[in-house]
Structures are given as structure tokens and as C-alpha cells.
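There are 2 protein chains.
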Amino acid sequence: MRGGMDDIQLDGEGPVYDQIKRAISGLIRSGHWKPGHRLPSESEFTEHMSIARMTVNRALKELTEDGLLVRKRRAGTFVAQPDAPAAILQIVDMASAIPARGEVYGYRCEINETIPAPDAIARHMRLPFGTRLQHVECLHTADGKIVEYEQRWINLNLLPEAAHADFSTVGPGSWLLRAAPWTEAEHTVSAINASPEQARRLGTAPGDALLVLERRTFQGDDVVTYARLVHPGSRHSMTERFGPGA
Amino acid sequence: MRGGMDDIQLDGEGPVYDQIKRAISGLIRSGHWKPGHRLPSESEFTEHMSIARMTVNRALKELTEDGLLVRKRRAGTFVAQPDAPAAILQIVDMASAIPARGEVYGYRCEINETIPAPDAIARHMRLPFGTRLQHVECLHTADGKIVEYEQRWINLNLLPEAAHADFSTVGPGSWLLRAAPWTEAEHTVSAINASPEQARRLGTAPGDALLVLERRTFQGDDVVTYARLVHPGSRHSMTERFGPGA
DNA sequence: GGGTTTTTATTGTATAGACAATTAGCCGCT
DNA sequence: AGCGGCTAATTGTCTATACAATAAAAACCC
């Protein structure tokens with residue numbers, strides 16, 4: 001019951017605790033170790049490789065702080081369930097945010113197609129013009145009212161499965177959380193007046209203030225997905241809290 | 247040349263590294279140790295109290311990750327300059343954000359008064375109705391264009407100096423960064439249509455989309471300040487990036 | 001004085017060993 | 001089967017020591 005000791009390959013670059021972190025983090029991000037997988041115990045590390053337990057402990061502790069692992073005394077160390085990532089990420093996942101507020105969540109997919117990247121999108125995603133993308137447009141409702149119109153483009157080079165995913169019942173946000181968890185994200189927020197076209201889609205009056213959240217998700221330097229999320233300003237707000245831990 | 251060894255008092259509650267963290271964090275937040283102050287070296291800790299260096303190291307390392315300290319080999323450990331706190335906090339400090347974009351920053355104070363808390367504000371700040379507050383309203387310009395109208399209320403119980411601060415040339419944002427650094431913050435963002443009154447203040451047309459950022463700043467459970475920052479939607483956007491470190 | 005080398009204080013990382021705290025799983029009893 | 005107590009696996013913390021890496025300060029040389 002070694003839990004995958006042989007998977008771990010150190011690369012000899014830099015501090016040992018960092019090598020361990022990279023090795024494990026790679027196994028998780030690549031999907032080789034799935035959520036719930038149990039890692040070797042600290043003492044198994046020290047036996048099979050010649051590394052002090054304190055060093056292993058530091059690596060595992062830091063990965064736990066990063067949210068990739070969960071640890072429990074006597075039980076062991078496990079790959080975390082990415083269902084509860086940093087609260088901030090959930091801002092954009094309406095499928096979980098709306099039920100959390102006690103409202104009834106609804107979803108409809110309007111467009112789902114594979115296209116070559118249009119110029120503007122290619123620039124946002126730092127991709128060569130014409131790269132194959134999955135393009136999805138859908139809307140999210142809470143208690144019947146539209147709260148978000150989502151336009152999304154997914155990089156098929158990094159996530160080819162997206163071309164055949166079924167977005168008719170589950171939104172791309174939720175799908176991506178399962179397919180490509182543990183990524184970095186960049187948000188830009190702005191306010192615009194609804195165009196007649198947007199007003200029609202969102203069920204508001206033309207000229208109404210809309211809150212626009214643009215989100216780019218990275219794996220390293222590569223953009224996995226670009227999303228443009230439009231909310232009726234009056235029906236939605238986003239809150240987050242942060243600060244020094246201690 | 248002990249750098250304040252005698253200031254440190256452990257309370258005996260919980261793990262030793264945590265006691266050290268609390269002690270140091272308290273000295274910094276209370277202002278007893280100011281930015282730039284040099285802490286005792288790790289070996290001074292181990293000499294004056296009987297604690298292993300690894301334990302001290304863990305405490306100082308974690309406080310450094312929290313941004314309270316900066317460390318440099320051979321030079322020592324110092325209380326951090328709060329001028330460069332989490333990048334996200336600077337979103338709201340126009341005085342530094344605008345020059346960083348190469349534009350000319352301008353500022354004008356419109357209102358600066360001491361008042362009893364109005365009902366709505368008291369609720370936002372979790373204070374009893376009528377608590378004494380400093381109320382400031384001012385506007386920020388970039389290259390002559392208005393980019394932010396700031397309404398701010400400061401809790402005079404926690405920051406009595408605010409009643410006599412000079413907000414005619416320096417905005418409350420910058421002032422607070424110096425007076426009460428290392429706090430927690432909570433942001434809420436939404437979009438509204440400009441009322442005639444707001445349009446007049448911001449120099450936009452009535453009905454234009456505005457981006458509203460509300461910010462509460464905490465020390466523990468107490469609200470230090472509440473700010474309502476209104477931006478012309480088209481002239482401003484905010485970006486942040488985050489994710490698992492590794 | 002101005003540059004270069006050497007020293008040295010300080011943090012960063014790694015090791016080995018110890019005990020504490022937690023708790024899953026087993027055993028035995030009813 | 002259910003309950004209670006024991007055992008042991010695993011993480012959490014602490015100590016003591018060692019060496020490496022960095023960079024400030026001192027020493028040196030021209």
C-alpha cells in the first residue's frame with residue numbers, strides 16, 4: 001500500500017523541499033493523482049528516498065497551504081477535492097454560488113461550437129490568430145431572473161476534451177472546475193451601458209448599467225480559457241475578503 | 247544592540263511558533279515596532295529565550311509570507327514597509343495606481359467633517375447609531391479626467407487622529423495606509439446608472455454606467471473605515487491575479 | 001581615495017531524533 | 001450487533017546541529 005511512491009521523480013533542481021513540491025504538484029495537475037488519492041506517509045518518503053522527515057513535512061505543509069492537499073492525523077495526506085477552492089474562484093461559478101444563496105439555479109446553453117479564434121479573442125488569449133477554440137455562450141438564472149450572460153472560449157490545444165463536452169446541462173464554469181482545477185486566474189471588472197442586443201439577452205432595458213467581469217485562467221503562461229461574464233448591475237454584486245493571515 | 251528583545255512576551259498559549267508570531271505581530275500592529283525596525287536575529291532569540299532556532303525560523307518565515315516582515319541574508323529581519331502591501335489593496339489607492347500607469351494624478355477634497363454616524367453607514371460599519379465618524383468626500387483625476395469619486399467614513403473610536411488629519415492635499419486612502427496598515431479588507435463591486443447628481447460630480451452624462459466599489463477595512467472584527475468608490479465605467483477597470491502559488 | 005579581496009553575521013536549507021496530539025481501526029465485552 | 005476501550009499509524013511540533021548561500025562590512029592593496 002505505497003500510494004504511488006514510484007511516481008515521484010525529483011529533478012535535482014534547487015532545494016529538495018521544492019523538488020518534492022514540484023513533483024507532487026505535477027502529478028496532481030496532470031491528473032495522474034486524482035482528488036481523494038492517498039499519498040505516501042511522511043515516513044514512507046524518508047524510507048524510500050533518503051530525505052529527512054522535516055523536509056518532506058515542509059513540502060507537504062506548503063502544498064496544503066496552497067490548497068492542493070488535505071492532511072489528517074492518523075489518516076494520512078490526500079489530494080484535495082477541488083470543489084471547494086479559494087472562495088474567490090466561486091464568484092464566477094454561478095452553478096454553486098446561486099444555490100448557496102438559497103435561490104433556484106437555472107441554466108441554458110445558446111451556442112456551442114468549434115471555431116478558429118477571432119482576432120480580438122486570440123489577442124486576449126495570447127494565441128496565434130485562427131487557433132482552434134471551443135466557443136460557448138449560455139445564461140444563468142436565479143429564481144427565474146437572468147443574473148449572468150456568459151461568453152466563453154476554451155483553448156483546445158490545452159483541453160481537447162472540451163470539443164466534445166456536453167454543455168447543454170452543465171455550464172462551462174463547472175465543467176472546467178473538474179477538467180482543469182488548480183489554475184491561476186486574472187480578473188478584470190468594469191461597467192458598461194447595455195446595448196440593445198445585450199438588453200435583449202439579459203432581459204433589461206437598453207442603457208441599464210451592466211457589470212462585466214472578464215476572466216482569464218492560466219496554466220503557467222498559457223491561457224486555458226477566456227470568459228466574459230455580463231451581469232445586470234442591479235441584480236448582482238460580488239464580495240470577497242482578504243488580508244494578512246495572522 | 248538587541249533590537250527590542252525585552253519587548254517580546256510569550257503568553258504560553260498554543261504552539262511556541264504561534265506565540266512568537268502573536269507577540270511580534272502585536273508589536274507591529276500596535277505601532278511599537280515601526281516599519282524599518284530591525285528585529286533580533288534568530289540566534290539572539292535562541293540565546294535570550296530557550297527556543298530552538300528552527301522554531302524561531304518558522305515563526306519569522308510565516309510572518310514574512312504574511313507580508314509583515316522582510317528578511318535579507320546577512321542583513322537581518324525588518325518590519326516591512328506597508329507601502330507595498332498586497333497588490334490588490336492598491337486598487338483602491340488611486341494616488342499610487344495612477345502614477346504607476348504614467349498618468350498625472352490630481353486630487354481635490356470636497357467635504358471633511360466630523361459627524362455622528364447616519365443610520366445606513368452605522369449599519370455598514372457595524373456601529374451603534376450616532377457613533378462619531380470622520381466623513382470625507384473627494385475626487386481623484388488622471389490627466390485631468392475624473393476617475394474616482396470617493397466617499398469615506400472613518401471610525402474615530404479606533405483612529406481618533408483622523409479628526410485632525412489634513413485631507414486637503416493627501417487622500418484618506420494614502421493617509422490610512424500609513425496610519426493603519428496591515429488590516430483586512432472586504433470588497434463589494436457593482437454597477438449602477440449615474441444619477442443626475444452623480445453625473446454632475448463625475449463629469450459624465452446621467453444614465454452612464456458607473457462602477458461602484460465598496461470597501462470595508464477591518465482590524466479583527468472592528469470596522470476601521472468604510473469607503474464607497476465610484477468610477478465612470480468606461481474610464482476605469484480593475485485587474486487582479488491570484489492562484490495557488492506552486 | 002577607489003577598487004578588490006577577505007571576513008563574518010545572518011538567513012536558508014537539510015538532517016536526525018524525540019515526544020505530543022489525534023483518531024481510525026481493532027478487540028473484546030455485553 | 002452495538003458499545004467501549006486499547007493500539008498504533010500518522011501528522012504536528014520542538015530541539016540540536018550542521019553546512020550552504022548571501023551580502024554587508026572590514027581589510028587590503030595600489
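Protein chains in written order, with this note's numbering: chain A, 1 to 246; chain B, 247 to 492.
Every residue gets a Cβ at the ideal spot worked out from N, C-alpha and C, and that includes glycine.
Bear in mind the structure is a predicted one, so any value in this text is a computation, not a measurement.
Comparing C-alpha positions only, which one of A:SER41, A:GLN198, A:GLY233 and A:ARG101 sits nearest to A:LYS72?
Comparing Cα positions, the closest option is A:SER41.
Indicate whether at least one CB of chain A lies closer than 8 Å to the CB of B:GLN336.
Caution is warranted here: a pLDDT of 47 is assigned to B:GLN336, below 50, making its placement in the model unreliable, and the coordinate value is therefore given only provisionally. Not one chain A Cβ lies under 8 Å of B:GLN336.
If we count the other Cβ atoms within 10 Å of its Cβ and call it buried at 16 or more, is A:LEU229 buried or exposed?
Answer is buried; the Cβ neighbour count reaches 16.
Does the Cβ-Cβ distance between B:HIS433 and B:LEU459 come in under 8 Å?
Against a cut-off of 8 Å, the Cβ pair of B:LEU459 and B:HIS433 comes out as a contact.
A:ASN193 (DSSP reduced to helix, strand or coil)
Strand at A:ASN193.
Below 7 Å CB to CB, which residues in the same chain sit around A:ILE115 once its five sequence neighbours on both sides are set aside?
Excluding sequence neighbours, A:ILE115 sits near LEU133 and HIS135.
Nearest-angstrom Cα distance between A:SER190 and A:ILE98?
Distance from the CA atom of A:SER190 to the CA atom of A:ILE98, rounded to whole angstroms, is 22 Å.
Pairs of beta-carbons, one from the region 386-393 of chain B and one from the region 346-359 of chain B, closer than 8 Å: are there three or more?
The answer is yes - the region 346-359 of chain B touches the region 386-393 of chain B, with three or more Cβ pairs under 8 Å.
At least one CB of chain B closer than 8 Å to the CB of A:LEU229: is that the case?
Answer no: the Cβ-Cβ gap between A:LEU229 and chain B never drops below 8 Å.
Taking Cβ positions, are B:PHE324 and B:LEU285 nearer each other than 8 Å?
Closer than 8 Å, so yes.
DSSP beta-bridge partners of B:PRO478:
According to DSSP, which records beta bridges pairwise, B:PRO478 is partnered with B:LEU456.
Selected residue, minimal CA-CA separation from B:GLU290, among B:ASN303, B:TRP279 and B:GLU430
Comparing Cα-Cα distances from B:GLU290 to each of B:ASN303, B:TRP279 and B:GLU430, the minimum goes to B:ASN303.
Element boundaries [beta strand (DSSP E), containing B:SER379]
In the sequence on display, residue 379 of chain B carries Leu and not Ser. It spans 378-388 - the beta strand (DSSP E) in which B:LEU379 sits, taken as one unbroken run.
Can you list the beta strand (DSSP E) stretches of 3 or more residues lying completely in the region 29-84 of chain A, in chain order?
Within the region 29-84 of chain A, the complete beta strand (DSSP E) runs of at least 3 residues are 69-72 and 76-79.
Suppose contacts are defined by Cβ-Cβ distances below 8 Å. Is B:ALA473 in contact with B:SER420 by that definition?
It is not a contact, given that the beta carbons lie outside the stated cut-off.
Short CB-CB distance (under 8 Å) between A:VAL189 and chain B
Chain B places a beta carbon closer than 8 Å to that of A:VAL189, counting this residue as a contact.
Does DSSP put A:ALA86 in a helix, a strand or coil?
Because the pLDDT of A:ALA86 is 42, which lies under 50, any placement of that residue in the model is unreliable, and the number read from its coordinates should be weighed accordingly. Correct three-state label for A:ALA86: coil.
Flag B:ILE438 as yes if its beta-carbon sits less than 8 Å from any beta-carbon of chain A, otherwise no.
Yes - at least one Cβ of chain A is within 8 Å of the one on B:ILE438.
Between A:MET49 and A:LEU60, what straight-line distance do the alpha-carbon atoms span, to the nearest angstrom?
The alpha-carbon atoms of A:MET49 and A:LEU60 are separated by roughly 15 Å.
What's the gap between the Cα of A:ARG53 and the Cα of A:THR46?
Spanning the alpha carbons of A:ARG53 and A:THR46 requires a straight line of approximately 6 Å.
Report, in whole angstroms, the separation of the C-beta atoms of A:ARG152 and A:THR225, which I expect to be a contact under 8 Å.
Right, the Cβ-Cβ distance comes to about 6 Å (below 8 Å), so this counts as a contact.
Based on the DSSP secondary-structure assignment, which residues constitute the bridge partners of A:ASN219?
The sequence given here has Gln at residue 219 of chain A, not Asn. According to DSSP, which records beta bridges pairwise, A:GLN219 is partnered with A:ASP222.
What residue does the alpha helix (DSSP H) around A:ILE154 start on, and which one ends it?
Under the DSSP assignment, A:ILE154 falls outside any alpha helix (DSSP H), being part of the beta strand (DSSP E) whose first and last residues are 145-155.
So is A:GLY31 in contact with chain B if we call contact Cβ pairs under 8 Å?
No, no contact with chain B.
With a threshold of 8 Å between beta-carbons, can A:GLY106 be considered close to chain B, or not?
Cβ-Cβ to chain B under 8 Å: no for A:GLY106.
Using DSSP with H/G/I as helix, E/B as strand and the rest coil, what is A:PRO181?
In this structure, A:PRO181 counts as coil in the three-state DSSP scheme.
For the region 194-216 of chain A, which residues have a beta carbon sitting closer than 7 Å to at least one beta carbon of chain B?
Hits within the stretch, in order: GLY207, ASP208, ALA209, LEU210 and LEU211.
CB contact below 8 Å: B:GLY479 versus chain A:
Chain A, which has a Cβ nearer than 8 Å to the Cβ of B:GLY479, makes this yes.
Looking only at C-alpha atoms, which of B:HIS477, B:VAL469 and B:CYS384 sits nearest to A:LEU211?
Ranked by Cα distance from A:LEU211, the options B:HIS477, B:VAL469 and B:CYS384 are led by B:HIS477.
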